[in-house]
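Peer 1: Chains as they are written, first to last, in the numbering used here: chain A, 1 to 113; chain B, 1001 to 1115.
Here it is, the structure in full.
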Amino acid sequence: GENVEQHPSTLSVQEGDSAVIKCTYSDSASNYFPWYKQELGKRPQLIIDIRSNVGEKKDQRIAVTLNKTAKHFSLHITETQPEDSAVYFCAADSGAGSYQLTFGKGTKLSVIP
Amino acid sequence: KAGVTQTPRYLIKTRGQQVTLSCSPISGHRSVSWYQQTPGQGLQFLFEYFSETQRNKGNFPGRFSGRQFSNSRSEMNVSTLELGDSALYLCASSLVEAPLSYEQYFGPGTRLTVT
């Protein structure tokens, strides 16, 4: 089955700096790669996603890149703000129209004011 | 539109008991997936339902089961509870119509504690 590795597990950055979180996946059939943000005690929130036919996608301060050949994808947050502090999860589907998502273990991002 | 809702939000059960959790998807969403979240294992896929049929199942024992009703609401059941079943159970719903078909939106979860 699919295996998703996420690094780093914790990340501290100064407010205004950039943050990068990286994930690798194992199943070459995977086509859909979402990123979720989970604040303490709250539900995971979908913040951005990318499909296998696209190499990069941006939404304001957030961007995701995908390298299908290397089977890795990354989340980039620019101009970080204290409210960006949360746990971020990457995920990959199992391909072939599957709605089964395999998640990485999460990255706890702390933005220091 | 109202978001995904789950009931109950908190539950305390004793080992050996069974429990039923409920999930109401976003209006119009026809797929419901269930996940277990624990500090040690993270988010793990349990199963996914569409049109009252289970389409995918994760690597969990048969004590974990679910169903979906004709209005897309879903329930999951855990029988013979074990201490290790203590977790946050999250459901997520999807529209299942391209191009938004893969996006999953989570409910607030049910926090299950087994004593």
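Every residue gets a Cβ at the ideal spot worked out from N, C-alpha and C, and that includes glycine.
1) Suppose the cutoff is 6 angstroms on Cβ atoms and the five residues either side in sequence are ignored; what does the same chain contact list for Ser1031 (chain B) look like?
2) I'd like the list of long-range same chain contacts for Pro8 (chain A), defined as Cβ closer than 7 angstroms, with 5 residues on each side in sequence excluded.
3) Alpha carbon to alpha carbon, how far is Asp17 (chain A) from Ser110 (chain A)? Give it in angstroms, no decimals.
4) Flag Arg1055 (chain B) as yes if its beta-carbon sits less than 8 angstroms from any beta-carbon of chain A, otherwise no.
5) Could you check whether Ser1022 (chain B) and Gln1006 (chain B) sit closer than 8 angstroms to each other, using their CB atoms as the reference points?
6) Should the stretch 1071-1085 of chain B be regarded as contacting the stretch 1011-1026 of chain B, the criterion being three or more beta carbon pairs within less than 8 angstroms?
7) Kindly list, in the order they appear in chain B, the residues whose Cβ is closer than 7 angstroms to that of Ser98 (chain A).
8) Under the DSSP definition of a beta bridge, which residues are partnered with Thr1053 (chain B)?
9) To which residues of the same chain is Ile48 (chain A) closer than 7 angstroms at the C-beta, ignoring the five residues directly before and after it?
10) Ser1101 (chain B): which of A:Gly41, A:Glu2, A:Lys105 and A:Asp93 sits nearest, CA to CA?
Peer 2: To lay it out plainly:
1) Phe1050, Ser1094 and Val1096
2) Correct list, in chain order: Thr107.
3) 11 angstroms
4) yes
5) yes
6) yes
7) Here the neighbours are Asn1056.
8) B:Phe1050
9) Same-chain partners within the cutoff: Trp35, Lys57, Asp59, Ile62 and Val64.
10) A:Asp93
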